[in-house]
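Everything below concerns the one structure shown next.
Numbering (the numbering used here), first residue to last: -7 to 94.
Okay, here's the thing in structure tokens:
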């Protein structure tokens, strides 16, 4: 039970004596190919061109609508800022006029 390390190594190597290399069956490669073919997914389905064009048209329509909405919102914001600035200027001119000429 109290063996030294070299004795343990020698015993382990001696236990491998007489072991022979495993032989594969002759048709192993054919069996592997059959299993791979059985597990392979179904072939890809083609998408009809009509569906592709419909999707492209929908994406283009959404892009145009988004751009139009952004342009409208920007225009409305610019008008709002201009009118607010004009109102502020008129009110300042009216209330801050030292001569009250109005």
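No residue lacks a Cβ here, since even glycine has one placed at the ideal position from N, Cα and C.
| message | DSSP three-state label for residue 0, please. | response | helix
| From residue 126 to residue -3, what does the alpha carbon distance come to, in whole angstroms? | Nothing can be reported for residue 126, as the shown portion of the chain is limited to -7 through 94.
| query | For residue 59, which three-state DSSP category applies? | reply | helix
| query | Excluding the five sequence neighbours on either side, which residues of its own chain have a C-beta within less than 7 Å of the C-beta of residue 8, listed in chain order? | reply | none
| Where residue 15 sits in the DSSP three-state scheme | coil
| request: Pick helix, strand or coil for residue 34, following the three-state DSSP scheme. | output: coil
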